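Chains as they are written, first to last, in the numbering used here: chain A, 225 to 311; chain B, -8 to 135. Glycine included, each C-beta is placed from N, C-alpha and C at the ideal position. Quick caveat: nothing in here was measured; it's all calculated off a predicted structure.
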Amino acid sequence: MTEQTFQIKLNAYGVLQTDCGGFEQTIEFPPSVSNVEQLVDALVEKFPKLQIHRERMAVAVNDQRSNTQDLIRDGDCISLLPPVGGG
Amino acid sequence: MSIQSTELDIFDLINETEDASCGALVVFGGTVRNHHDAQSVDRLSYSAHEIMATRSIQQVEIETQEKFDVPQCRIQHRIGDLEIGDLAVVAVVRAAHRDAAFEAARYAIDEVKKRAEIWKEEHYSNGQSRFRDGTSLNTPEPSN
């Protein structure tokens, strides 16, 4: 039986767009990736340069700041948010 | 509008916040300067998660009004490519008295810099560019 995958839209902001190969992309994951923490693990595996930002990077799911245990669903928009500094 | 790609106008916010109960008006404007850490800067590019940054700025406005008991606080931030001298951010506070107005304006701009989902890239005269480091957003702890 084929494993059912799901897709997310990834938006990488600021300095992270370089490390993720662009601002916006659609990425497919296996169902074993079910929460934010697992998603970040998978993204670091896919984009190893993300590792150095991991501790200080925040993640938003559908424009809401997330908790590491928040669930990820098919079609979610994931935003990777590096440290901010407007002004 | 809290985030905009067009030129900011201080007088828009001054007019918008007119309030007969206030005897103090403090305006803070952040402009693009031509240097940073001994490097010559040609221009800045600001980017934002517009939905989240708008929400964060509006939260700071409300919080500032409540914390300092000031009737008026409005903040606008510009995004896109800005040249030296361009206005990048404006905070306008009106209060009954000057002490509260000064303190509130300082708080408002500091919080926006720490919390609004906005990023700044510096473009240097030597052709290089770099995103400025900033404040890590506090991600909520896992709820068990």
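Identify the contact partners of residue i in chain A, using a Cβ-Cβ distance below 8 Å as the criterion.
i, result
"B/Arg65", "By Cβ distance, chain A contributes nothing, its closest Cβ being about 15 Å from B/Arg65, past 8 Å."
"B/His40", "Asn235, Tyr237, Ala284, Asp287, Ser303, Leu305"
So what does DSSP say about residue i, is it helix, strand or coil?
i, result
"B/Ala87", "coil"
"A/Tyr237", "coil"
"A/Asn220", "Because residue 220 of chain A is not part of the residues shown, which for chain A are 225 to 311, the question remains open."
"B/Asn135", "Caution is warranted here: a pLDDT of 44 is assigned to B/Asn135, below 50, making its placement in the model unreliable, and the coordinate value is therefore given only provisionally. B/Asn135 falls in the coil class under three-state DSSP."
"B/Ser(-7)", "coil"
Kindly indicate which residue of the options has the alpha-carbon position closest to the one of residue i.
i, options, result
"B/His114", "B/Arg106, B/Glu108, B/Ala107, B/Arg123", "B/Arg123"
"B/Val51", "B/Ile75, B/Glu108, B/Val23", "B/Glu108"
"A/Glu248", "A/Asp300, A/Ile276, A/Ser290, A/Pro255", "A/Asp300"
"B/Ser36", "B/Ile53, B/Ile42, B/Ser47, B/Arg24", "B/Arg24"
Using only the alpha-carbon positions, how far apart do residue i and residue j sit?
i, j, result
"A/Gln288", "A/Leu263", "16 Å"
"B/His26", "B/Ser120", "13 Å"
"B/Arg65", "B/Val83", "5 Å"
"A/Gln228", "A/Val257", "11 Å"
Quick one: which chain A residues come within Cβ less than 7 Å of residue i?
i, result
"B/Phe122", "Gly238, Val239"
"B/Met43", "Ala284, Asp287"
"B/Lys111", "Gly309, Gly310"
"B/His68", "Gly310"
What residues from chain B crowd round residue i, counting only those whose CB sits closer than 7 Å?
i, result
"A/Arg280", "Ser127"
Run down chain A in chain order and give the residues with a C-beta less than 9 Å from the C-beta of residue i.
i, result
"B/Tyr37", "Gly310"
"B/Gly21", "Gly310, Gly311"
### Message
Short of 9 Å Cβ to Cβ, which residues in the region 88 to 107 of chain B face chain A?
### Response
Ile100, Asp101, Val103, Lys104, Lys105, Arg106, Ala107
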